[in-house]
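Participant: Have a look at this one before I ask anything.
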């Protein structure tokens with residue numbers, strides 16, 4: 067078990083449950099990227 071990916075998984079779930087418009091993307095070989103989700107028009 068890797069503690070960082072597990073923690074990021076929990077953060078992703080909590081952000082989604084809270085309705086926050088930010089997503090965490092995994093960038094292989096780099097780390098993680100926070101990106102704001104575009105609102106639907």
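Numbering (our numbering), first residue to last: 67 to 107.
Don't be surprised by glycine CBs; every beta carbon is placed ideally from N, CA and C.
Considering only the alpha carbon of each residue, which of 88, 98, 96 and 94 lies closest to residue 104?
Facilitator: Looking at the Cα atoms, 88 is the closest of the given residues.
Participant: Among 78, 72 and 68, which has the Cα closest to the Cα of residue 102?
Facilitator: Here the closest residue by C-alpha is 78.
Participant: Are the Cβ atoms of residue 100 and residue 93 separated by less than 7 Å?
Facilitator: No, they are not a contact pair.
Participant: Grouping DSSP H, G and I as helix and E and B as strand, with all else coil, what is residue 86?
Facilitator: Three-state DSSP puts residue 86 in coil, outside helix and strand.
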